[in-house]
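Chains as they are written, first to last, in this note's numbering: chain A, 10 to 300; chain B, 10 to 300. The structure appears right after this line, and notes come after that.
There are 2 protein chains.
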Amino acid sequence: MTQSRSRTLAELIRESFDELTRAERQLANLILENYPVSGMGSITAIAKASGVSSPTVARMARKLGFPGFPAMQAALKDELKATISDPIVKHDQLAEGAPDTHILNQFADAVLENMRQSLKRIDPALFDNVVALLSDSGRAVHVTGGRITHTIARYFFTHMQVIRSGLNLIDSGSNTWPHYVLNMNAGDILVVFDIRRYEHNLIRLAEMASGRGVTIVLFTDQWGSPVAKHAQHTFNLRIEVPSAWDSSVTTLFMVEALLAAIQTNTWDETRGRMKTLEQLFDKTKLFRKFS
Amino acid sequence: MTQSRSRTLAELIRESFDELTRAERQLANLILENYPVSGMGSITAIAKASGVSSPTVARMARKLGFPGFPAMQAALKDELKATISDPIVKHDQLAEGAPDTHILNQFADAVLENMRQSLKRIDPALFDNVVALLSDSGRAVHVTGGRITHTIARYFFTHMQVIRSGLNLIDSGSNTWPHYVLNMNAGDILVVFDIRRYEHNLIRLAEMASGRGVTIVLFTDQWGSPVAKHAQHTFNLRIEVPSAWDSSVTTLFMVEALLAAIQTNTWDETRGRMKTLEQLFDKTKLFRKFS
DNA sequence: CTTATTGTGTATAATATTTTTCATTGGCGC
DNA sequence: GCGCCAATGAAAAATATTATACACAATAAG
């Protein structure tokens, strides 16, 4: 991974193809043939594959202007990196008028990258499985989180309550949480949010729940909470930002996406519940008519 | 270049992520981060890049079922070969393996667009002003939100409590909120979260607070809550997603960015508070030492 | 709190890779 | 045909990479 060259190796080879000797052309053809993968092996492998000797490979690398074969391969890897990496986050300044160094832009960069990386490593099957699980109205759903993540847990709880019945929010902070375990039955689901600074209480809770045959869905960070040992479904999300704290944005995103999917899935039941809720809101005059 | 495996290395890593140790996870993250290019270097290079030792890399290769590191890398190269030569594979998909129409990708698109649009509209000066305002320890800060946004308000409150003193969380849902107004003095700040389905209570609360000379900071949607009439600083954020509900992701992002900025701004005071908090946590043994 | 277990990095040995050296081959002009 | 010179590969030397051994640290268990 050295300096980035203006020309690709392929261009370089084509340009100097005239100056290449017989054996070198043979080699050049191999490299271009399945570009750039063919150039990924060791010098010995490449030499053997193209039917030339390893010194020939090294000599060509020199001829093309590299200090040696490893440098040429490094250039090839850099190229590949540039090709593979998708341009989703390649945004120009987000908050207009603010310099790149403004914390708003720095933060935005970090959060977008977190989302991109998190999405990349989510298995869609995992997502679909969890959606199906949480859509099953036969299973009670218990939700809990740590000191910070409890707000996310509550967010999930509040929305899920609209979607379906059988929801319980467990306050892991208090000493009363063992009581909640009593209400858990085999087949129930425990949704745990546990992000860095993994809390003892949550691990114990997961252990106990697991012992009672409860299926555990875990939202944790890229390093993984110890709760994962007991969880059947684990979401590993990126949470790092330039701040003294971790970011919950990706976690919230995942929760919202799940909610949207579950809601779609259980629309028949949900529709009725939402309608009823609306009527209740009307009666309590909680909201403005419109605005 | 060995046999082609049924599962990709990425899948293999994700599958056995639970069984991986701390250092191995660190390494796994690096490999997945810029997959598969990050795994192309030498074992030494990979070890250095992920901050672990080379034996750890070799050990993980074994753990994943390969005879050694070179075999794992060979598998990776094979994968790359297969991927590159298949022009159908799209690299810009967010959740790999999920079609464009999968709700996860649709949701991600919407959320990312929301963030871009919201950031474009934010005046950095507004941001900076609010940071300065909330950094002023002479002013008490009152925080409140609606039915859904209350969790975001609580999130803000929890973190701000670490940063500074003089924080109050107002439960707008109960009937007791007028009591809170009694505690507000001229120069205080009221942070209001009010997203679509603007609630009566919040408007009244803002009116009253405004009457007492309280400065109001409002987080609302692109259409604007009526609270804006009384607010000195208003953040208009995009919140629409393909779901029955609005998204709070952008709002949470804004809150976190603010917290990071304020925390940086008041570091002298905050540092002491965080240290004290750590010691309290130690005493209560709330967290695991590390993991 | 102490002891076992597991995880981790440093140092080192084993192995593979890359480069250099140098003898051989083959083309080309005379 | 003969001699010159670039091209090439075999083999060895230099270098880098990978695997192992072992000691220390962290964690879990008693």
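Glycine is no exception: its CB is placed at the ideal position from the N, C-alpha and C atoms.
{"Item": "Within chain B, partners of A:His-111 - CB distance below 7 angstroms", "Value": "Pro-133"}
{"Item": "B:Gly-233, enclosing alpha helix (DSSP H) - first and last residue", "Value": "Counting along the chain, B:Gly-233 falls outside any alpha helix (DSSP H), and DSSP gives it neither H nor E."}
{"Item": "Extent of the continuous alpha helix (DSSP H) to which A:Val-223 belongs", "Value": "No alpha helix (DSSP H) holds A:Val-223; DSSP gives it neither H nor E."}
{"Item": "Status (buried if at least 16 other CB within 10 Å, exposed otherwise) for A:Arg-31", "Value": "exposed"}
{"Item": "Three-state secondary structure assigned by DSSP to A:Gly-154", "Value": "strand"}
{"Item": "Own chain residues within Cβ distance below 8 angstroms of B:Leu-39, not counting five before or after", "Value": "Ser-47, Ile-55, Ala-58 and Ser-59"}
{"Item": "Nearest-angstrom Cα separation, counted from A:Leu-176 out to A:Gln-272", "Value": "15 angstroms"}
{"Item": "Distance CB(A:Arg-163)-CB(B:Thr-259) smaller than 7 angstroms", "Value": "no"}
{"Item": "For A:Ile-1, the three-state DSSP class (helix, strand or coil)", "Value": "Residue 1 of chain A is absent from the structure shown; chain A starts at 10 and stops at 300."}
{"Item": "CB contact check: B:Asp-27 to chain A, cutoff 7 angstroms", "Value": "yes"}
{"Item": "B:Ala-215 to A:Tyr-207 span [Cα, whole Å]", "Value": "38 angstroms"}
{"Item": "Neighbour flag for A:Trp-186 against chain B, beta carbons, 7 angstroms", "Value": "no"}
{"Item": "Burial state of B:Thr-224 (16 or more Cβ within 10 Å)", "Value": "buried"}
{"Item": "Helix, strand or coil at B:Thr-167 according to DSSP, with G and I counted as helix", "Value": "helix"}
{"Item": "Bridge-paired residues (DSSP) for B:Leu-227", "Value": "B:Val-201 and B:Thr-243"}
{"Item": "Interface residues of chain A facing B:Pro-251 [CB-CB closer than 8 angstroms]", "Value": "Ala-269"}
{"Item": "Per-residue contacts from B:Gln-272 into chain A (C-beta, under 9 angstroms)", "Value": "Ser-252, Ala-253 and Trp-254"}
{"Item": "Meets three-Cβ-pair contact criterion under 8 angstroms: the stretch 127 to 143 of chain A and the stretch 238 to 252 of chain A", "Value": "yes"}
{"Item": "Same chain only: Cβ atoms within 7 angstroms of A:Lys-99, ignoring 5 sequence neighbours per side", "Value": "Since pLDDT at A:Lys-99 reaches only 42, below the 50 mark, its modelled position is unreliable, and the value read off the structure follows with that caveat. Nothing meets the Cβ criterion."}
{"Item": "Reduced DSSP category for A:Ser-40 - H, G, I as helix; E, B as strand; rest coil", "Value": "The question names Ser, but residue 40 of chain A is Ile in the sequence shown. Of the three classes helix, strand and coil, the one that applies to A:Ile-40 here is helix, per DSSP."}
{"Item": "Spatially closest choice to B:Gly-50 from A:Lys-86, A:Val-120, A:Leu-267 and A:Ala-253, by CA coordinates", "Value": "A:Lys-86"}
{"Item": "Positions along the stretch 137 to 165 of chain B whose CB lies within less than 8 angstroms of some CB in chain A", "Value": "Arg-156, Ile-157, Thr-160, Ile-161, Arg-163 and Tyr-164"}
{"Item": "8 angstroms Cβ shell around A:Ala-37 - same chain, five flanking residues per side excluded", "Value": "Ile-22, Phe-26, Leu-29 and Met-69"}
{"Item": "When A:Thr-65, A:Ser-256, A:Thr-229 and A:Gln-82 are compared against A:Ala-19, the one with the closest alpha-carbon", "Value": "A:Gln-82"}
{"Item": "Option nearest B:Ser-146 by Cα separation, candidates B:Asp-277, B:Gly-220, B:Lys-284 and B:Phe-165", "Value": "B:Asp-277"}
{"Item": "Exposed unless 16 or more other CB atoms sit within 10 angstroms - verdict on A:Met-10", "Value": "In this prediction, A:Met-10 scores a pLDDT of 42, lower than 50, which makes its location untrustworthy; no coordinate-derived value is stated."}
{"Item": "Distance between B:Ala-237 and B:Asn-43 (C-alpha atoms, nearest Å)", "Value": "44 angstroms"}
{"Item": "Cβ of B:Glu-265 within 7 angstroms of any chain A Cβ", "Value": "yes"}
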